[in-house]
Each structure stands twice: as C-alpha cells, then as structure tokens.
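Written below as structure tokens is the structure these notes are about.
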Amino acid sequence: MLFEVDKYLYLIILREEEERCQKKLKNGQQIY
0 MLFEVDKYLY LIILREEEER CQKKLKNGQQ IY
C-alpha cells in the first residue's frame, strides 16, 4: 500500500520537474 503511494507521488514530482524545465526553455534559459 505504502509503495503504491510513493510511486504515485514520484510520478507527480517527475511531471512537475518536466513542466518546470519546459518553462525555462520557453523563457530562453537553457539550463542543463
């Protein structure tokens, strides 16, 4: 049960990081 919750939160965090990177690219700031 706890493992499923952790995996769900992990996917949410990954998506937020991805959106954050895309916003930086839109602003013209290429940060690697």
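Each step along the sequence shown adds one to the number in numbering that gives the first Met the number 0, with nothing skipped, and position 15 is 14. Virtual Cβ for every residue (Gly too), placed ideally from N, Cα, C.
Could you give the distance in angstroms between the alpha-carbon of residue i and the alpha-carbon of residue j?
{"i": "residue 21", "j": "residue 3", "result": "27 Å"}
{"i": "residue 24", "j": "residue 10", "result": "21 Å"}
{"i": "residue 18", "j": "residue 26", "result": "13 Å"}
{"i": "residue 12", "j": "residue 6", "result": "10 Å"}
{"i": "residue 15", "j": "residue 8", "result": "11 Å"}
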